[in-house]
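Beneath this line is the structure, given in structure tokens, with notes to follow.
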Amino acid sequence: GEEVAQTPKHLVRGEGQKAKLYCAPIKGHSYVFWYQQVLKNEFKFLISFQNENVFDETGMPKERFSAKCLPNSPCSLEIQATKLEDSAVYFCASSQNRINEKLFFGSGTQLSVL
Amino acid sequence: SQKIEQNSEALNIQEGKTATLTCNYTNYSPAYLQWYRQDPGRGPVFLLLIRENEKEKRKERLKVTFDTTLKQSLFHITASQPADSATYLCALEGTNAGKSTFGDGTTLTVKP
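If you're matching them up, the sequences are chains P and X in order.
So in my numbering, the last one in the first sequence is 116, and the numbering has no gaps at all.
So in my numbering, the last one in the second sequence is 1108, and the numbering has no gaps at all.
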């Protein structure tokens, strides 16, 4: 497709429950990035992929967060045992070439942990 | 530690004036700097990219400058319109980095 598709738009979980977010990058884009936006603007990098390989995971909380990009499937970001502080908008972005092509962002998934 | 600062959380200007937004960084050697626009409830949208060896880039009413000595980028919107009201984010990436690092953004309001 011609846009980054993120699902679901909204996700509500009780503390301790699992949350799984999905991202379909633009067709032909090799790189996928996940960002977390907490509060109004603070953008935190989580992880990036080159095709199905992890490219940079320096922002990923090691214990409860995991992510995958498998061939012929949407990429996913999974949070085990969600905490209140995980409440945020999670954005996925894709780019054709990493070397600073512009990023195309999806509309985000609003995760609310109650 | 690496830090990116964008001037004032909010900027209010009158329609027709030039808006100037600032992005300062420390402990960083970016190869590229980008500016994005974000509207409420939406993901950021790319506006302009400038490389470390470029001083200035223009696109229609937008102009970006990049001063690697001052470690600063300025983003200008000339003849501003109420439709320009949004949050503007700068993002930096190093040559070998696998990610872009974003500033906290500046929310611009253009009043008619």
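Beta carbons are placed, not taken as given, at the ideal position from N, Cα and C, and that holds for glycine.
Proximal residues to glutamate 1052 of chain X (C-beta, below 8 angstroms), its chain only, five neighbours per side dropped: A distance below 8 angstroms between beta-carbons, with the five flanking residues on each side excluded, links glutamate 1052 of chain X to the following residues of its chain, in chain order: Ile1046, Lys1059, Val1060, Thr1061, Phe1062.
On the premise that leucine 48 of chain P lies in contact with threonine 111 of chain P, defined as a C-beta separation below 8 angstroms, what is that separation, rounded to the nearest angstrom? Leucine 48 of chain P and threonine 111 of chain P do not touch by the CB rule: their CB atoms are close to 13 angstroms apart, not below 8 angstroms.
Of all Cβ atoms in chain X, is any one closer than 7 angstroms to the Cβ of phenylalanine 67 of chain P? Output row for phenylalanine 67 of chain P: interface = no.
Where tyrosine 33 of chain P and phenylalanine 93 of chain P are concerned, what is the direct C-alpha to C-alpha distance, given to the nearest angstrom? Cα to Cα, tyrosine 33 of chain P sits roughly 14 angstroms from phenylalanine 93 of chain P.
Within the same chain, show all residues whose beta-carbon is closer than 8 angstroms to that of glutamine 52 of chain P, passing over the 5 residues directly before and after it, in chain order. Only Ser32, Tyr33, Arg100 meet the Cβ criterion.
Assigned secondary structure, glutamate 4 of chain P (DSSP; H/G/I helix, E/B strand, else coil): Looking at glutamate 4 of chain P - three-state DSSP - the assignment turns out to be coil, as it is neither helix nor strand.
Strictly below 8 angstroms CB to CB, what residues from chain X border lysine 104 of chain P? Lysine 104 of chain P reaches chain X at Gln1030, Phe1042, Leu1045, counting residues in chain order whose Cβ is nearer than 8 angstroms.
Check each candidate in X/Tyr1084, X/Leu1070, X/Pro1108, X/Ile1009 and name the one with the smallest Cα separation from phenylalanine 45 of chain P. Comparing alpha-carbon positions, the option among X/Tyr1084, X/Leu1070, X/Pro1108, X/Ile1009 lying closest to phenylalanine 45 of chain P turns out to be X/Tyr1084.
Answer with buried or exposed for serine 1076 of chain X, where buried requires no fewer than 16 other C-beta atoms within 10 angstroms of its C-beta. The residue is buried, with at least 16 neighbouring Cβ atoms inside 10 Å.
In whole angstroms, what separates the C-alpha of phenylalanine 1098 of chain X from that of isoleucine 1000 of chain X? Straight-line spacing of the CA atoms in phenylalanine 1098 of chain X and isoleucine 1000 of chain X works out to 7 angstroms.
Just the C-alpha distance for serine 96 of chain P and phenylalanine 107 of chain P, rounded to the nearest angstrom, thanks. So the two alpha carbons sit approximately 7 angstroms from each other.
Run through the stretch 10-57 of chain P for me and flag every whole beta strand (DSSP E) of 3 or more residues, listed as ranges in chain order. Complete beta strand (DSSP E) runs here, min 3: 12-15, 21-26, 33-40, 44-52.
Min CB distance aspartate 1035 of chain X to chain P below 7 angstroms: Proximity of aspartate 1035 of chain X to chain P, defined by a Cβ-Cβ separation below 7 angstroms, is not satisfied.
Taking C-alpha atoms, which residue in P/Leu13, P/Arg15, P/Gly18, P/Lys29 lies nearest to glutamate 1 of chain P? The structure shown does not extend to residue 1 of chain P, since chain P is modelled only from 3 to 116, so the question has no answer here.
Apart from the five residues on each side of it in sequence, which residues of its chain come closer than 7 angstroms, Cβ to Cβ, to glutamate 54 of chain P? By the criterion of a C-beta distance shorter than 7 angstroms, glutamate 54 of chain P is surrounded in its chain by Cys71, Leu72, Pro73, once the five residues flanking it on both sides are discounted.
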